[in-house]
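See below for the structure under consideration.
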Amino acid sequence: MEGGMGREKRVLFNNLRKEIHDEKVLRAMEKVPRELFVPSEGRHMAYKDVALPIGNGQTISQPYIIALMTSMLELRGDEKVLEVGTGSGYQAAILSHLLARGTVLTLERISSLARTAATTLDSLGCKNVEVRLADDRLGAPEDSPFNTIIVTAGSPKLPQSLMAQMAAGGRMVIPVGTRMEQELIRVVKTSEGHTVNVLGPCRFVPLIGRDAWPEK
Ligand code: SAM
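Going by my numbering, the sequence shown opens with residue 59, and the numbers climb by one from there.
Set out below in structure tokens:
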């Protein structure tokens with residue numbers, strides 16, 4: 059890696075460490091070269107703490123939000139994880155590192171993004187990740203239940219279809235709100251129903267589908 063980018067990476071992770079106190083997650087993020095998940099024109103920005111365009115009107119999320127969401131999943135390393143919204147594949151690569159004995163199924167509705175992400179994840183040897191093209195249902199009921207679900211696009215509500223795909227005791231982190239602004243929430247499925255924690259404001263591209271937003 060050239061010097062400038064190395065310095066920016068150190069600055070980024072020093073800053074993340076002031077707010078995120080989950081070393082396991084931060085170390086996994088440090089191992090994944092974010093520049094490989096960003097199109098060449100944005101590569102010089104790979105270690106800025108900002109979301110960046112990845113084509114098709116979509117984005118790779120801001121590192122701080124990725125660190126926050128991943129730490130809130132509280133992974134042990136053996137879970138079966140569903141990600142809705144593969145995008146660049148960066149979040150899936152971080153999950154792959156944290157799941158020494160687990161698996162990630164990541165779904166993307168835009169086929170060119172799914173293909174590029176699968177190629178990048180393959181090139182990094184992320185063998186416990188499957189990238190799959192999403193249909194208009196949310197999630198993958200045929201592969202459920204999942205211990206953990208991470209949704210990386212903004213939903214109008216907590217989707218019942220995804221709640222149904224979660225194992226008892228399972229966790230989900232999902233942005234919920236309008237098409238423009240959301241609150242990041244963490245949901246834990248209990249024997250009586252579920253509990254919800256609000257983690258803070260965020261801004262994601264919309265989650266599109268039958269139990270979410272219409273395309274336009
Ligand atoms: N996690 C990604 C990363 O690490 O680069 C960032 C995801 S980007 C903010 C949101 C993605 O969700 C977009 O690529 C979008 O096409 C996808 N998306 C939106 N609705 C979806 C759905 N119902 N199923 C699967 N993917 C969806």
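Even glycine gets a Cβ: it sits at the ideal position worked out from N, Cα and C.
The structure displayed is predicted, hence computed values, not measured ones.
Asked	Found
Residues near leucine 74 in its chain [Cβ-Cβ closer than 7 angstroms; skip 5 each side]	Leu84, Pro121, Tyr122 and Ala125
Contacts around methionine 59, its chain only, beta-carbon distance under 6 angstroms, and the 5 residues preceding and following it disregarded	Low confidence applies here, because methionine 59 scores a pLDDT of 49, under 50, leaving its location unreliable; read the following figure in that light. Taken in chain order, the list of residues that qualify is empty.
7 angstroms Cβ shell around glycine 135 - same chain, five flanking residues per side excluded	Leu156, Leu157, Ala158, Arg159 and Gly160
Start-to-end residues for the alpha helix (DSSP H) that takes in glutamine 149	148–156
Counterpart residues of valine 254 in DSSP-defined beta bridges	Val245
Arginine 268 versus Pro217, Leu171, Thr248 and Ala222, residue with shortest Cα-Cα distance	Pro217
Leucine 171 beta carbon less than 9 angstroms from that of glutamine 223	no
Coarse secondary structure for methionine 238, derived from DSSP in three states	coil
Alanine 211: CB within 8 angstroms of a non-hydrogen atom of the ligand SAM	yes
Boundaries (first-last residue) of the alpha helix (DSSP H) holding arginine 173	169–181
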